[in-house]
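Residue numbers (the numbering used here): 83 to 265.
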């Protein structure tokens, strides 16, 4: 018959130790999953903020180079801009004038039904993100007028605020000289 020493009889884990290890593992897993969900919304927010800044920079670049979209023969692009709607969509547009001269006194704006089309490119916010403020209105146009890149809008220093369903927000402002500031 084989005898067991007291040291080998105590080898292994007790039931209490196993319960504690499993409990700590479950708590840490819950914390990691909760953090992952909140950071997912924040990443989507910053991704959409970067997309809007990209659209604003692209519109500014098109204004500087006086881009003329194919299919707009007989028209001149007087301004390029970004149009925002509370329906979570935003578009790059060109404001077209017949002929080859842009009137200086004209107010530029996006016209969705224009022929030829003013739409250059459009995008929609992520499903968990929405516009919470478009400089106080339900829609907003920010236009860049070449060649000096003057910024015009229906409001002074236009801004766009994005918000997640959990309340995290990000803001984009455009200064009169074309400077784009994110917060």
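Each residue gets a CB set at the ideal place from its N, CA and C atoms; glycine is no exception.
With contacts defined as CB atoms closer than 8 Å, residue 233 and residue 225 qualify as a contacting pair. Runs of the alpha helix (DSSP H) lying entirely within the segment 90 to 160 and spanning at least 4 residues, in chain order: 97 to 147. By the Cβ neighbour-count rule, residue 240 is buried, with 16 or more other Cβ atoms within 10 Å of its own. Every candidate alpha helix (DSSP H) stretch fails here, since none sits fully inside the segment 172 to 249 while reaching 4 residues.
Two segments are said to touch when three or more pairs of C-beta atoms, one from each, lie closer than 8 Å; by this definition the segment 108 to 116 does not touch the segment 158 to 176. Residue 251 is bridged by DSSP to 245. Looking from the CA of residue 255, the closest CA among 248, 124 and 242 belongs to 242. Per DSSP, the unbroken beta strand (DSSP E) holding residue 264 starts and ends at 262 to 264. Contact holds between the segment 122 to 134 and the segment 199 to 217, because three or more Cβ pairs, one in each stretch, are under 8 Å apart. In the DSSP assignment, the residues bridged to residue 163 are 175 and 225. Residue 127 is positioned such that its CB atom lies closer than 8 Å to that of residue 211. By the Cβ-count criterion, residue 161 is buried, with 16 or more other Cβ atoms from all chains shown falling within 10 Å of its own Cβ. Residue 159 sits away from residue 170, with the two beta carbons spaced by 8 Å or more. Ranked by Cα distance from residue 222, the first of 102, 187 and 193 is 193. Residue 196 has its alpha-carbon roughly 25 Å from the corresponding atom of residue 213. From the listed residues 144, 148, 245 and 153, the smallest Cα separation to residue 183 is found for 148.
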